[in-house]
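Under our numbering, the first residue of the sequence shown is numbered 81, with each subsequent residue one higher. Every residue gets a Cβ at the ideal spot worked out from N, C-alpha and C, and that includes glycine. First comes the structure, then the notes that go with it.
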Amino acid sequence: MEQELEERRKEKAKVIILLITGLLIFISHFALITYGSFQLIGEELRGDSYDSLGESLLEGRADVRPSTINWEGIEIDGKVYMYQGPFPAFLRVIFNVLYPSGHGKWSRVSGLLASILTVVGFTLLLHFILYRRREKRLSLLIISILAFSLGSPLVFLISSMRIYHEPIVWGLCFSVWAIYFLRSLFFSEEVSSSQYIGFSFCAGAALLSRVTFALPLYGIISTFIIIEIWNRSSIKKCFALLSFALPAGLFQLWYNYARFNSIFEAFDTTHFYLKPEEFGGFFNVARIANGIFNFLWPRLSQISLSSPWFQQVAVQYWNPELFMGWREQTISLFISSPFIAILGSLGVGLLLLRNASRRLRFVLLAFALQGILICSYYLVSERFSAELMPFFIVGTMWFFSSGKIRRKTPLILGALMLLSVVASLCSTASWHIYYAVGGTDIPSEYQQRLRALFHPQETMPPWEGERAYLKVEDAVDLVYGFMPPRSNLTFNGEKLSSLGQPIKYGIGMHAPTTIKFRVPSNAVAFEGIAALGDSALNCFGALFSVRVQQENSSVLFDSGPIGMAGAPLPGGGILGSFRRSVLFRVNVLPNSIVSIEVDPLEQRDCDHVQLLNAAFLLDAKSQNGKKF
């Protein structure tokens, strides 16, 4: 009796702990999706295009209003179509019936629903694995749930529910649930017909969300049907596998035809602004090594000694002629999500070495092919790292099902979980701070709050004497290329700012520029901050260097390349990580001439330069120094 009561108390405690964990995750995802505002109904980039598509689908059409999709649309015979899948549009139909005032503002609701369902699916799957192995240590379950929900690519996806992220979150969601419905394979058991029905639903929904997530699922369905027929098993299981997948496939064929007049054409590049065939096509095996490198290989530039400590960096291409010219950013999964990446890799190794079922090995192969496929795509972006997650999830589940759990395992996994959470959140913040377009990708106010949090306004080192701040009007010589420099303003007349924070003194320039000043007779040093202008923060080609040289003397200061990650460097290569500003203070000789040279390096656009708080430091003993 006492033992039974003790078991009940343990079960109640377990439920309470799981509920608290779930509440923490829910609040965290709610905050991430709403940018800390907790306003769930809100506009996101091109999210209203799904509302427009939903309205069209109800009328038997597949076009959208041009204003909702802009240049991402495909115009054919006067009508504009999306290339994204229709599943989020189905949700919009339901949402708009329930709450018409939310029309065009459902992206965050959709994203939160998808993220929570994804976490629930992962939790149920892991709970099944652990408790079948009699690994009833609740700590393993809690640690793993936190690592997946707050320390994986899911964090980056839900941090901006723009049109590019929403279908990927849903695709990942249905992939996780698809693995859950195949959970019996981890113990070499038969999959029931009801589980196959659930798997079929996930495959069909994934197809209508994002095709790349559906391809491995449909491959699994096709193979399993062949196996069932070959083994002369119950035809009931074949029908179960096709129950939802077949109708969804037929709908996708209609959707293709309604857009492009061909059931087999899912994308019409002839009417699109981008022509992938000009640089190797949509998918190309020659790109695979580049994709694997950018998604998985750790780089030192992804770790910083200054906040936000972990950062996304520009992708690197060994054969750039095979890729779209626009470069985005990534961070290695082994740095941003070490829990799922390391455990998944260990699990894959164990699965291949141990006597796992053939069907489970085929499932792993199918998801591996999905990862290889996305690595061969013409664009590498952090959001696509989610396409590798099903592969690592299968490996992680096999790791837990293999019985390789030791007494100290929870401590090690706890450390990996904490690292994953910190790295994922910080690397996501780095994208929001440096690369997201404020007011478009994310709200401008939110971006400014993050910038103020992670990058407080630069302060100059203390000085007991006075500072003589530089003014263009006091220059003894000036040579410029594109536009003249300005005092206390940017080159185009805007107020000086550093990551949105106003700066009172400085000179705004555009490379190339050379400006010379005479050093005051009582000056002993020259200081300033060579910085990239805020107006160039989202410009791919922004790159320059600032050099300070004293007349007939050596170089006093050379900033090296300053600019956006991915900007091409002279002589080949790219700037690996974002380098925004460099503070300097150098000694100068009184009455000499100091030259400030701004070099555009690769002669590209957006070389917007700010020399912030540039000043001569006057001798503290002298009282005659005046600001000029």
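**Item:** Exposure of V95, with buried meaning 16 or more beta-carbon neighbours within 10 Å
**Value:** It counts as exposed.
**Request:** Return the CA-CA distance between R172 and S129, expressed in angstroms with no decimal places.
**Result:** In this model, R172 and S129 are separated by some 10 Å (Cα to Cα).
**Request:** Return the chain-ordered ranges of every beta strand (DSSP E) run that is complete within the stretch 86 to 160 and spans a minimum of 3 residues.
**Result:** Runs of beta strand (DSSP E) with 3 or more residues, each lying fully within the stretch 86 to 160, are found at 154 to 156, listed in chain order.
**Request:** Have a look at F352, I307, I309, L288 and flag the residue whose alpha-carbon is nearest the alpha-carbon of P327.
**Result:** Among F352, I307, I309, L288, the Cα nearest to that of P327 is on L288.
**Prompt:** What are the boundary residues of the alpha helix (DSSP H) that I196 is part of?
**Reply:** First-last of the alpha helix (DSSP H) with I196: 187 to 212.
**Item:** Cα-Cα separation between S465 and P233, rounded to whole angstroms
**Value:** Straight-line spacing of the CA atoms in S465 and P233 works out to 7 Å.
**Request:** Helix, strand or coil for A503, going by three-state DSSP, please let me know.
**Result:** A503: helix per DSSP, three-state reduction.
**Prompt:** Whose C-beta lies closer than 7 Å to the C-beta of T349 among residues of the same chain, with five residues either side of it excluded?
**Reply:** So the list reads K355, P356, E357, once near-sequence residues are dropped.
**Asked** If you count every other CB in all the chains shown that lies within 10 Å of the CB of H245, and 16 or more means buried, which is it?
**Response** Buried: at least 16 other Cβ atoms inside 10 Å.
**Asked** My guess is that C253 and L197 are in contact by the Cβ rule of under 8 Å, so how many angstroms apart are they, rounded?
**Response** Contact holds; Cβ gap of about 5 Å.
**Asked** Quick one: what does DSSP say D638 is sitting in, helix, strand or coil?
**Response** DSSP, reduced to helix, strand and coil, places D638 within a strand of the structure shown.
**Message:** I'd like to know whether the C-beta atoms of F472 and I415 end up nearer to each other than 8 Å.
**Reply:** Between F472 and I415, the gap from beta carbon to beta carbon reaches 8 Å or more.
**Euclidean distance between Cα positions of L433 and T508** = If you take the alpha carbons of L433 and T508, they lie about 36 Å apart.
**Prompt:** Given that a residue counts as buried once 16 or more other Cβ atoms are within 10 Å of its Cβ, and exposed if not, what is Q83?
**Reply:** Exposed, because fewer than 16 other Cβ atoms sit within 10 Å of the Cβ of Q83.
**Straight-line gap, R339 to G284 (C-alpha atoms, nearest Å)** = Taking the straight line joining both Cα atoms gives about 19 Å.
**Asked** Can you find at least 3 beta carbon pairs, one from the stretch 595 to 607 and one from the stretch 643 to 661, that sit closer than 8 Å?
**Response** No: fewer than three Cβ pairs fall under 8 Å.
**Asked** Would you say S255 touches the ligand GDP, meaning its beta carbon is less than 7 Å from a heavy atom?
**Response** Inclusion of the ligand GDP in the displayed structure is not the case, the ligand content being empty and no account of it being possible.
**Prompt:** Shortest alpha-carbon distance to S481 belongs to which of F106, F304, S313, R214?
**Reply:** The shortest Cα separation from S481 among F106, F304, S313, R214 belongs to R214.
**Message:** Just to confirm the assignment, what range does the beta strand (DSSP E) spanning F664 have?
**Reply:** 661 to 667 is the extent of the beta strand (DSSP E) around F664.
**Prompt:** Do you know offhand how far E677's Cα is from W151's?
**Reply:** E677 and W151: Cα-Cα distance of roughly 39 Å.
**Asked** Any idea what DSSP makes of M589, helix, strand or coil?
**Response** Reduced to three states, the DSSP call for M589 is strand.
**CB contact flag (L295, Q450, <8 Å)** = Yes, Cβ-Cβ distance for L295 and Q450 is below 8 Å.
**Message:** Which residue marks the beginning of the beta strand (DSSP E) containing Y260, and which one marks its end?
**Reply:** Annotation: Y260 is outside any beta strand (DSSP E); the continuous alpha helix (DSSP H) that includes it extends over 246 to 261.
**Request:** Output the distance between the C-alpha atoms of V635 and S675, rounded to the nearest integer angstrom.
**Result:** The C-alpha of V635 lies about 9 Å from the C-alpha of S675.
**Asked** Would you call W406 buried or exposed, if buried means 16 or more other Cβ atoms sit within 10 Å of its Cβ?
**Response** Exposed, because fewer than 16 other Cβ atoms sit within 10 Å of the Cβ of W406.
**Request:** Please classify I248: is it buried, with 16 or more other beta-carbons within 10 angstroms of its beta-carbon, or exposed?
**Result:** Result: buried.
**Asked** Is K575 closer than 8 Å to I673 when the C-beta atoms are compared?
**Response** No, they are not a contact pair.
**Item:** Distance between G643 and L669 (C-alpha atoms, nearest Å)
**Value:** Roughly 31 Å separates the two Cα atoms.
**Asked** Is L579 helix, strand or coil by DSSP?
**Response** Note: L579 maps to coil in three-state DSSP.
**Message:** Could you tell me the alpha carbon to alpha carbon distance between L663 and G427, rounded to whole angstroms?
**Reply:** If you draw a straight line from the Cα of L663 to the Cα of G427, it comes to about 47 Å.
**Message:** Rounded to whole angstroms, what is the Cα-Cα separation between D157 and E135?
**Reply:** Cα to Cα, the separation comes out at about 20 Å.
**Request:** Consult DSSP for H535 and reduce its assignment to one of helix, strand or coil.
**Result:** H535: coil per DSSP, three-state reduction.
**Asked** In terms of DSSP beta bridges, what is S567 paired with?
**Response** I587.
**Asked** If you draw a straight line from the alpha carbon of L681 to that of G545, how long is it in whole angstroms?
**Response** Each residue's CA atom was taken as its position, placing L681 and G545 some 36 Å apart.
**Prompt:** Looking at C-alpha atoms only, which residue of R665, R141, N341 is the closest neighbour of M540?
**Reply:** Nearest C-alpha to M540: R665.
**Item:** Bounding residues of the alpha helix (DSSP H) (the contiguous stretch that carries F403)
**Value:** Segment: none, F403 is in no alpha helix (DSSP H) and carries neither H nor E.
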